[in-house]
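Everything on this sheet refers to the single structure shown next.
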Amino acid sequence: MKDIMDLHTHTVASGHAYSTLYEMVRSASDKGLALMGSTDHAPKMPGTCNEFYFINFKVIPRTLFGIHILMGAELNILDYTGRIDLREGILQNLDYTIASMHEPCYKNGTMAQNTSAFIGAIENPYVKIIGHPDDGRFPIDYDTLVAAAAKNHTLLEVNSSSLHPLSPRKNARENYKVMLDLCRRYGASVIINSDAHIEADVGNHARALELLEELSFPEELVVNSSIDRLLPYIPKLEAYL
Numbered sequence: 001m002k003d004i005m006d007l008h009t010h011t012v013a014s015g016h017a018y019s020t021l022y023e024m025v026r027s028a029s030d031k032g033l034a035l036m037g038s039t040d041h042a043p044k045m046p047g048t049c050n051e052f053y054f055i056n057f058k059v060i061p062r063t064l065f066g067i068h069i070l071m072g073a074e075l076n077i078l079d080y081t082g083r084i085d086l087r088e089g090i091l092q093n094l095d096y097t098i099a100s101m102h103e104p105c106y107k108n109g110t111m112a113q114n115t116s117a118f119i120g121a122i123e124n125p126y127v128k129i130i131g132h133p134d135d136g137r138f139p140i141d142y143d144t145l146v147a148a149a150a151k152n153h154t155l156l157e158v159n160s161s162s163l164h165p166l167s168p169r170k171n172a173r174e175n176y177k178v179m180l181d182l183c184r185r186y187g188a189s190v191i192i193n194s195d196a197h198i199e200a201d202v203g204n205h206a207r208a209l210e211l212l213e214e215l216s217f218p219e220e221l222v223v224n225s226s227i228d229r230l231l232p233y234i235p236k237l238e239a240y241l
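Residue numbers are given in our numbering: position 211 of the sequence shown equals residue 211, and the series is strictly consecutive.
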């Protein structure tokens, strides 16, 4: 499958990543990507940047080293209502956001509570992607999740980093099999991302692509192959093309 984008990456601003924005973009360009998104962790993640980091993206060129750049954030889901950790005045100026559960920011609940948290994030109009919805440490009802994503036109992520043998996320492969079967049933689209925290991992989707191939997952439900497929989910991208 053609794979031309990576929209979940982190720079040194996230506190536990190790490359600059320009290093990340150059790596994406060297690997032949057409589009890269930068999504540093929002403020509730320990060690990350202040919210002020997210208010000055206008200074960043949106074409670098021959590829298009989007500037967003990886939001932390904070509670069972799906509340996130950037205020609307900032969110409305970002190109897109990913919303994810992280142990330092979210208290694990019951399956119903965790599912409710994801649904609240999905229903937030500023959230375009649900990040790594694969972690068995936060059990969820995948049928409800996928149905809500399809209804609200929100992308579900297949996070290649989650499939790494040393990933702390539990049962990601098994959970993705369940989720992807439901995506096929509901016609819900997914996006493959690297979750890169260093330039060497930008565009590293090998494990995710292998899983999709193993499951014969329909290419038409994967947005990575075409900017045109992504545009309906992230309309702000059109301004930079």
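Every residue, glycine too, gets a C-beta built ideally from N, C-alpha and C.
Quick one: what's got a C-beta closer than 6 Å to residue i's C-beta in the same chain, skipping five residues either side?
i, result
"Tyr126", "Leu91 and Thr97"
"Tyr240", "Arg62 and His68"
The beta strand (DSSP E) that contains residue i, what's its start and end?
i, result
"Ala73", "Ile67 to Asn76"
"Glu51", "Counting along the chain, Glu51 falls outside any beta strand (DSSP E), and DSSP gives it neither H nor E."
By Cβ distance, which residues of its chain are closer than 7 Å to residue i, with the 5 residues on each side in sequence left out?
i, result
"Leu231", "Leu237 and Glu238"
"Phe54", "Ala73, Leu86, Ile90 and Leu94"
"Leu21", "Thr11 and Ser38"
"Ser29", "Phe65, Gly66 and Ile67"
If you draw a straight line from the C-alpha of residue i to the C-alpha of residue j, how long is it?
i, j, result
"Ala256", "Leu94", "The structure shown does not extend to residue 256, since the chain is modelled only from 1 through 241, so no value can be given for it."
"Asn224", "Ser167", "23 Å"
"Pro133", "Asn171", "11 Å"
"Asp40", "Val158", "18 Å"
"Asn204", "Asn56", "28 Å"
"Leu70", "Met1", "22 Å"
"Tyr186", "Met179", "10 Å"
"Ile140", "Tyr106", "14 Å"
"Ala200", "Thr9", "11 Å"
"His164", "Ile198", "15 Å"
"Ala147", "Ile227", "24 Å"
"Asn193", "Glu220", "17 Å"
Between which residues of its own chain and residue i is the CB-CB distance below 8 Å, once the five residues before and five after are set aside?
i, result
"Gly82", "Ala99, Ser116, Ala117, Phe118, Ile119, Gly120, Ala121, Ile122, Glu123 and Asn124"
"Tyr80", "Gly109, Gln113, Asn114, Ser116, Ala117 and Gly120"
"Leu155", "Lys128, Ile129, Ile130, Ala149, Ser189, Val190, Ile191, Val223 and Tyr233"
"Leu75", "Ala42, Ile84, Asp85, Leu86, Thr97, Ile98, Ala99, Ser100, Ala121 and Val127"
Run through the DSSP bridge pairs and tell me what residue i is partnered with.
i, result
"Asp134", "DSSP lists no partner for Asp134."
"Val222", "Val190"
"Ala99", "Leu75 and Ile130"
"Asp6", "Met36"
"Ala121", "According to DSSP, Ala121 bridges with nothing at all."
"His41", "Glu74"
"Leu156", "Ile130 and Val190"
"Thr63", "His68"
"Ala17", "The partner list for Ala17 (beta bridge, DSSP) is empty, contrary to what the question assumes."
Just reading off the alpha helix (DSSP H) that residue i is part of, what are its end residues?
i, result
"Asn152", "Tyr142 to Asn152"
"Ser29", "Leu21 to Asp30"
"Glu210", "Ala206 to Glu214"
"Gly89", "Glu88 to Leu91"
"Leu230", "Ile227 to Leu230"
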